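Peer 1: All residue numbers for the sequence shown refer to the numbering used here, where the first residue is 118 and numbers rise by one.
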Amino acid sequence: MTQYHLFVRRVGLVGLTQLVVGLQGLILLPILTKNLSIENYGIWAQIMVTIGIVPQIALFGLPFTMVRYIPAIENKNDLQETFYSIFSIVISSTIFSSIMLYLFSEKIANILFEGNLLVAQILVVIVFFECLILFFINYLRAKQYIKKYSTIMLAKTVLVILIVGYFVFSGYGITGAVYGLLLIDIILFLILTILIYNDVGFAVPHFHNMKEYLYFGIPTVPNNLSSWVVNSSDRYVIGILLGASSVGYYSPGYALGGMVRMFVSPLTFLLPSILSENYDKKQIVNVKNILGYSFKYFMVVAIPATFGLSLLSKPLLTILSTPEIAEKGYFITPFICASMLLFGGRAITGQIIILEKQTHIGGKIWTIAAILNLVLNFLLVPYVGIIGAAFTTLLAFGFSFLITFIYSNKMLPFDMSLQPILKSLFSSSVMAIPIIIYEPTGLHNILMIIAFCAAIYFALMYALKTFREEEILFFKSLMHHR
Numbered sequence: 118m119t120q121y122h123l124f125v126r127r128v129g130l131v132g133l134t135q136l137v138v139g140l141q142g143l144i145l146l147p148i149l150t151k152n153l154s155i156e157n158y159g160i161w162a163q164i165m166v167t168i169g170i171v172p173q174i175a176l177f178g179l180p181f182t183m184v185r186y187i188p189a190i191e192n193k194n195d196l197q198e199t200f201y202s203i204f205s206i207v208i209s210s211t212i213f214s215s216i217m218l219y220l221f222s223e224k225i226a227n228i229l230f231e232g233n234l235l236v237a238q239i240l241v242v243i244v245f246f247e248c249l250i251l252f253f254i255n256y257l258r259a260k261q262y263i264k265k266y267s268t269i270m271l272a273k274t275v276l277v278i279l280i281v282g283y284f285v286f287s288g289y290g291i292t293g294a295v296y297g298l299l300l301i302d303i304i305l306f307l308i309l310t311i312l313i314y315n316d317v318g319f320a321v322p323h324f325h326n327m328k329e330y331l332y333f334g335i336p337t338v339p340n341n342l343s344s345w346v347v348n349s350s351d352r353y354v355i356g357i358l359l360g361a362s363s364v365g366y367y368s369p370g371y372a373l374g375g376m377v378r379m380f381v382s383p384l385t386f387l388l389p390s391i392l393s394e395n396y397d398k399k400q401i402v403n404v405k406n407i408l409g410y411s412f413k414y415f416m417v418v419a420i421p422a423t424f425g426l427s428l429l430s431k432p433l434l435t436i437l438s439t440p441e442i443a444e445k446g447y448f449i450t451p452f453i454c455a456s457m458l459l460f461g462g463r464a465i466t467g468q469i470i471i472l473e474k475q476t477h478i479g480g481k482i483w484t485i486a487a488i489l490n491l492v493l494n495f496l497l498v499p500y501v502g503i504i505g506a507a508f509t510t511l512l513a514f515g516f517s518f519l520i521t522f523i524y525s526n527k528m529l530p531f532d533m534s535l536q537p538i539l540k541s542l543f544s545s546s547v548m549a550i551p552i553i554i555y556e557p558t559g560l561h562n563i564l565m566i567i568a569f570c571a572a573i574y575f576a577l578m579y580a581l582k583t584f585r586e587e588e589i590l591f592f593k594s595l596m597h598h599r
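(1) How is the alpha helix (DSSP H) around residue 521 delimited, first residue to last?
(2) Ends of the alpha helix (DSSP H) at residue 323?
(3) How is residue 335 classed by DSSP in three states: helix, strand or coil?
(4) Suppose you measure from the CA of residue 464 to the CA of residue 282; what does that come to, to the nearest Å?
(5) Given that a residue counts as buried once 16 or more other Cβ atoms are within 10 Å of its Cβ, and exposed if not, what is residue 411?
(6) Within 10 angstroms of its Cβ, does residue 555 collect 16 or more other Cβ (buried), or is it exposed?
(7) Cβ of residue 163 within 7 Å of Cβ of residue 446?
(8) Report the residue from 314, 552, 371 and 536 whose alpha carbon sits nearest the alpha carbon of residue 352.
(9) Tell whether a beta-carbon distance below 7 Å holds between residue 198 and residue 361.
(10) Taking the C-alpha atoms as reference points, what is the distance between residue 547 and residue 532?
(11) Report back the beta-carbon spacing between residue 551 and residue 522 to the nearest angstrom; my notes put them in contact at under 8 Å.
(12) Taking residue 194 as the reference, give the member of 171, 325 and 245 with the closest Cα.
(13) What residues in its chain sit with their C-beta under 8 Å from that of residue 497, if we drop five residues either side in the sequence?
(14) Assign residue 173 to one of two classes, buried (16 or more other C-beta atoms within 10 Å of its C-beta) or exposed (fewer than that).
(15) Mark residue 534 as exposed unless 16 or more other C-beta atoms lie within 10 angstroms of its C-beta, in which case mark it buried.
(16) Is the beta carbon of residue 160 less than 7 Å from the beta carbon of residue 291?
(17) Mark residue 260 as exposed unless 16 or more other C-beta atoms lie within 10 angstroms of its C-beta, in which case mark it buried.
(18) Report the rounded CA-to-CA distance for residue 502 versus residue 216, giving the unit in angstroms.
(19) Helix, strand or coil, according to DSSP, for residue 447 in the structure here?
(20) Check whether the stretch 469-485 and the stretch 309-323 touch, using three or more Cβ-Cβ pairs below 8 Å as the test.
(21) For residue 235, which residues from the same chain have a beta carbon less than 7 Å from its beta carbon, with the 5 sequence-adjacent residues on both sides left out?
(22) Using only CA atoms, which one of 392, 467, 413 and 415 lies nearest to residue 404?
(23) Roughly how many whole angstroms lie between the Cα atoms of residue 387 and residue 418?
(24) Where in the stretch 215-240 do unbroken runs of the alpha helix (DSSP H), each at least 4 residues long, occur, reported from the N-terminal end onward?
(25) Let me make sure I understand the geometry here. Which of 572, 469 and 486 has the alpha-carbon closest to that of residue 525?
(26) Among 416, 303, 253 and 144, whose alpha-carbon lies nearest the alpha-carbon of residue 584?
(27) Excluding five sequence neighbours on each side, which residues of the same chain lie with their C-beta closer than 6 Å to the C-beta of residue 578?
(28) So for residue 599, helix, strand or coil by DSSP?
(29) Rounding to the nearest angstrom, what Cα-Cα distance links residue 240 and residue 211 in this structure?
(30) Under a three-way DSSP split, which group does residue 670 fall into?
(31) Using DSSP with H/G/I as helix, E/B as strand and the rest coil, what is residue 456?
(32) In three-state DSSP terms, what is residue 150?
(33) Determine the direct distance from the alpha carbon of residue 204 to that of residue 435, and round the result to whole angstroms.
(34) How about residue 487 and residue 347: are their beta carbons less than 7 Å apart?
(35) List the endpoints of the continuous alpha helix (DSSP H) containing residue 264.
(36) Which whole-angstrom value describes the C-beta separation of residue 273 and residue 301, a residue pair presumed to lie in contact below a C-beta threshold of 8 Å?
Below you can see the structure in the form of structure tokens.
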């Protein structure tokens, strides 16, 4: 039971961190949309998409490899050998990727940033630091240094809001915002370098087991690339076919719908290292229990969030952005909410593929989903606009979840009962009635209706006996556990 208490407490801490990190985008949304042109906000969205994908591809999946292998290492010398062997490859690939981005910066600027070459060149330096920061963050993840991780992520969120907000409010526009991102990355890189060095020390690597690490990590590259295509390439396609202003209309609705993803983020952060530790010790019952709890409670929270955000998207976007953006982009949110619900289910069930070290399967699934997404985007976006991109995103995530579930269930089945999901769907439908009737506007009214509907939802879930007695006792004991 102690292990479960520790796991849930860590989920709570990381969940709180992810909540704050997730709110970063919503806090910045009015700052950016109300002070930048719609074209420049579209450029900002393209910058964030690019920052998200390049490190995932450039590092050969090695940061995540640490998360799979380091938890089982107990000897300091073995830790140093593993860390610095992987780091040597990471720093080399980071330098190479940065050089390539610089050489093609003019073309990138013309395609993505409306010809803004300075932004493209600053982005090269940002990507360099982002690659190394991602590697260091995954070390904290592998070692399960949850407090350090949470502190770093919270600090980054606060710095982004303050520094980017300052540059934008001061009239420096999109260029100032990008300089702000670079300054933040330099600060975080220095802090993380000190933290990691104090923990690992230094040793010259001999590159033992690198073949095994690369065999595990490299298949995750097409996985990451394909995942990015499904998650983010729609912004690129919209930008190429319809222009940066259409990206500006699309991105706020996507960001709001993406809040559902926040509920699975602490699980995807913690599960790989915790499950690997139990799996390698042959504690399969623990693995199944943790996966079962994770899937159930993600669905119980994410389903009502999907209903609520979908119905409240227009008034929320009116508050967070501009009436024009809200009018042209609110219908994107329901598609993205449903997509993120499926993404969360896939993220949990897909942990089994990682445990079995069958990462090539995940790569193939994402590759097919990416091709489906990309082809449909180019077919639909020119004719039906940004809603076509949202629809293809939903189809791609649905395909990915279905195939991942089939493979994972064959390898290691765990409790994925439909009853809690059906009860959640029913309770969410009842909860939605007051929103439909009252059509709240204004921040105060929206907050009031959210609180009222949340009370209805959880009262219904309790009345329907969604939670077993032992689960209720577990969480009661968790509240009083020291």
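Even for Gly, the Cβ is constructed at its ideal location relative to N, Cα and C. None of these values were measured; they are calculated from a predicted model.
Peer 2: Here's the rundown:
(1) 503-528
(2) Neither: residue 323 is in no alpha helix (DSSP H) and is coded neither H nor E.
(3) coil
(4) 33 Å
(5) buried
(6) exposed
(7) no
(8) 371
(9) no
(10) 26 Å
(11) Actually they do not touch by this definition, with Cβ atoms about 34 Å apart.
(12) 325
(13) 505, 506, 508 and 509
(14) buried
(15) exposed
(16) yes
(17) buried
(18) 35 Å
(19) coil
(20) no
(21) 292
(22) 392
(23) 18 Å
(24) 222-229
(25) 469
(26) 416
(27) 544
(28) Confidence at residue 599 is low in this model, with a pLDDT of 39, below 50, so its placement is unreliable and the value that follows should be read with caution. In this structure, residue 599 counts as coil in the three-state DSSP scheme.
(29) 13 Å
(30) Residue 670 cannot be examined here, being either before or after the span of the chain that is shown, 118 to 599.
(31) helix
(32) helix
(33) 45 Å
(34) yes
(35) 263-276
(36) 7 Å
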